[in-house]
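Per this note's numbering, residue 18 is the first one in the sequence shown, and the count goes up by one each step. Cβ atoms here follow ideal geometry from the backbone N, Cα and C, with glycine treated the same way.
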Amino acid sequence: MTDKRVIEIVEDLAESEGKSTEEFLLALTENAESARAERFRNFPPELQAEAADAEKIKRSFREEKRKTHEKEEFEKQLREFVAAFPGVAPEAVPQKVWEDAAEGIPLAYAYAFSIMSGGKTSDEINAQNEARSAPVMPGRAEAPAFSESEVEKMPASAVKSNFAKIISSMKKWKA
């Protein structure tokens, strides 16, 4: 299962519960903690303490495993970057590229975009392109990309991925 599919499932479950994704995940975590505590409630205190210690060790191990994976992934991205852009010093990489890489965009891609865009953000480029585009002739306005009923039926993940089109469509809906 892809990360995207996992996110879609979590978003759908959260929406069905009437919660934001963050609220849903926090509630899920709290419920799991409560269930874990309930399982050991009737055990002697020393066993409860041992179970709590074991859980701390497991959490620490999982965190260390995540950090190791992130470090390996970053090192892989650095190798790919050096192969794609030999001779580029880390100091020559704009801060925005490092920020994009921290957000999950592969370092080489973020740097290539920075070079191709002249350091402008995608929003700035889109605004420039929109300003250069021909205006819509009166009477020939585009139909909205989405109708109100289509948007109401969309799952949260579709709304999120089509947010800009939905906002644009909303401007064309008749009151």
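Is DSSP giving residue i helix, strand or coil here?
i, result
"F102", "coil"
"V114", "helix"
"F91", "helix"
"T19", "coil"
"N59", "coil"
"S134", "helix"
"E81", "helix"
"E120", "coil"
"M171", "coil"
"S178", "helix"
"E34", "coil"
"K189", "helix"
"S166", "helix"
"A151", "coil"
If you check the beta carbons only, do residue i and residue j fall under 7 Å apart?
i, j, result
"V114", "S134", "no"
"F162", "S186", "This sequence places Ala at residue 162; Phe is not what is there. Yes, Cβ-Cβ distance for A162 and S186 is below 7 Å."
"F57", "A66", "no"
"A54", "F41", "no"
"V168", "I183", "yes"
"A118", "A106", "no"
Problem set entry | Cβ pair count under 8 Å reaching 3, the segment 27-38 against the segment 165-182 | Between the segment 27-38 and the segment 165-182, the count of Cβ pairs shorter than 8 Å is three or higher; the stretches touch.
Problem set entry | Segment contact flag, the segment 96-111 with the segment 122-131, C-beta cutoff 8 Å, min 3 pairs | Yes, since at least three Cβ pairs between the segment 96-111 and the segment 122-131 fall closer than 8 Å, the two stretches touch.
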